[in-house]
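K.L.:
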Amino acid sequence: MTSSIPSEVLAQYPALAPPPGVEPNLNIPESRAHSVIVASGVFTAILLIFVILRMYAKVFVSKSVGWEDAACVMGTIFSVGYVGLVSHVFHSGIGAHQWNVHLTVFFNETTVKELKATNFLSSPMMIFAKLSVLLLFFRLFATTKSFRNWIYFGIFTILLNHVGGVLLAVFLCLSSDPIVYAKCSEKTVILDVVISVINIISDFCILLLPLLVISQLRMNGRKKVGLCAVFMTGLDACISSVVGLIYRVVQWHSDDTSWWLGPLLVLSLLEVNMTLITGCMPLIPVIFKNNNLSLESFLSSRFFTLLSLRTKRSSNYESDDAPSKPISRENYVEMGNRNSKDKGFKAGDGDVV
């Protein structure tokens, strides 16, 4: 559809009519591209540091790699790929006010395909990031049937929200023609807002789940605050998702897509990376402990000494929230040391193993 328009002609016009009194600057315009690329690179570097430390702790120290670690690695891979796409897109000229961008940029089918790819890639990286945290909570805290059901519900909601959103977006914006894509993007704005709202709710639920468990532990307030601080990094992900929703609403009411797209993509990346880092935080201290001490032993002896668990696994799964019998510090540490020999995680155990 766009091949009939010579690129030389398109290069003479801006991609958007400027506001009254503003002259287009197609040569050296003010742009957010550099800031977007640098911020994305910094956030990714920080994420990689935490993920490398996490995997070192799980592979070489506790020697117990689980499904949550696989989800973390997959989320990291998608996040790095997302950054690569974002950097390439913003090298093409996007990032300035749209009236300062050549019309050829938005009529380039390669650019349109890359923009679509960033939108579609955000869903799987978000899914794996949140799965890595929920599966970690399942391993550490799923001592009651009700808590496990909340984990299952959270996983179902996340999959439905993001997989369903991607399928709808693909259906609405299947074409790579720039004009058709521009029109279909207007249809998906409301879909993006709905997905963002559900995403915010899930972020706050993930933040609150461990805090509710910690509040029921029989330990002094200082230890509870310290333990809560380990998981409070998830608050950054919540803030990023809220600010991202605000930017989506602003972009919804603005035609200056090129200018607002950068912060929106960076906030999506920050939300994913902070979610992944939240799942890494409980693992980091293991590196500084004795190499023969497992993650579970460290958590139980240092933080979860007074955590009440059911002594019989069968009654643990059959009952819901019946009062639990506390386990002594010595027995708990002994349990952790025995379990440090385990090489993997059986999905569905539900105990701290």
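249 is the number that numbering that gives the first Met the number 0 gives to position 250 of the sequence shown; each next residue is one higher, with no gaps.
Ideal Cβ placement from N, Cα and C applies to all residues, glycine included.
Just so we're clear, the structure is a prediction, and the values are computed from it rather than from any experiment.
(1) Nearest to Ala32 by CA position, among Ser91, Leu15, Gly153, Leu266, is which residue?
(2) Among the candidates Arg53, Gly74, Thr75, Trp66, whose CA atom is the shortest distance from the CA of Arg138?
(3) By alpha-carbon positions, which one of Trp98, Asp191, Tyr151 ends up nearest to Val122?
(4) With DSSP run on the structure shown, which of helix, strand or coil describes His87?
(5) Taking Thr43 as the reference, give the member of Asp254, Val265, Pro284, Val100 with the closest Cα.
(6) I'd like to know whether the C-beta atoms of Ile126 and Leu158 end up nearer to each other than 8 Å.
(7) For Gly225, is the classification buried or exposed, using 16 other Cβ atoms within 10 angstroms of its Cβ as the cut-off for buried?
(8) Name the one or two DSSP bridge partners that Ala38 has.
(9) Reducing DSSP to helix, strand and coil, say where Ile93 ends up.
(10) Mind checking which residues open and close the alpha helix (DSSP H) that includes Gly163?
(11) For Ser39, I'd like the list of residues in its chain whose CB is within less than 7 Å of its CB, leaving aside the five on either flank, ordered along the chain.
(12) Find out if the Cβ-Cβ distance for the pair Asp254, Leu15 is shorter than 8 Å.
(13) Can you find the residues in the same chain that come closer than 8 Å, C-beta to C-beta, to Val88, ignoring five residues on each side of it along the sequence?
(14) Among His252, Ile213, Val37, Met273, whose alpha-carbon lies nearest the alpha-carbon of Leu234?
P.N.:
This is what the structure gives:
(1) Along the sequence shown, read from residue 1 onward, the residue named residue 32 stands at position 33. Of Ser91, Leu15, Gly153, Leu266, the residue nearest in Cα terms is Ser91.
(2) Stepping through the sequence shown from its first residue, residue 138 is reached at position 139. Nearest to Arg138 by C-alpha distance, out of Arg53, Gly74, Thr75, Trp66, is Trp66.
(3) Along the sequence shown, read from residue 1 onward, the residue named residue 122 stands at position 123. It should be pointed out that residue 122 corresponds to Ser in this sequence rather than to Val. The shortest C-alpha separation from Ser122 is found at Asp191.
(4) If you number the sequence shown from 1, residue 87 lands on position 88. Three-state result, His87: helix.
(5) Taking the first residue of the sequence shown as 1, we reach residue 43 at position 44. The shortest Cα separation from Thr43 among Asp254, Val265, Pro284, Val100 belongs to Val265.
(6) Translated into the one-based positions of the sequence shown, residue 126 becomes position 127. Translated into the one-based positions of the sequence shown, residue 158 becomes position 159. Against a cut-off of 8 Å, the Cβ pair of Leu158 and Ile126 comes out as a contact.
(7) Position 226 of the sequence shown, counting from 1, holds the residue named residue 225. With fewer than 16 other Cβ atoms within 10 Å, it is exposed.
(8) As a first step, residue 38 must be located in the sequence shown, where it is residue number 39. Partner(s): none; Ala38 has no beta bridge.
(9) One-based indexing of the sequence shown puts residue 93 at position 94. Ile93 falls in the strand class under three-state DSSP.
(10) Taking the sequence shown and counting its residues from 1, one reaches residue 163 at position 164. 144-171 is the span of the alpha helix (DSSP H), which, as asked, contains Gly163.
(11) To locate residue 39, count along the sequence shown from 1; it is residue 40. Counting only Cβ-Cβ distances below 7 Å, and skipping sequence neighbours, we find Val82, Val85, Ser86, Val265, Leu268.
(12) Position 255 of the sequence shown, counted from the start, is the residue given in the question as residue 254. Position 16 of the sequence shown, counted from the start, is the residue given in the question as residue 15. Judged by beta-carbon spacing, Leu15 lies within the 8 Å limit of Asp254, meaning their Cβ atoms are closer than that value.
(13) Taking the sequence shown and counting its residues from 1, one reaches residue 88 at position 89. For Val88, where only same-chain residues beyond five positions count, the Cβ hits under 8 Å are Thr110, Glu113, Leu114, Thr117.
(14) For the purposes of this step, residue 234 is identified with residue 235 of the sequence shown, where counting begins at 1. The residue with the shortest Cα to Cα distance from Leu234 is Met273.
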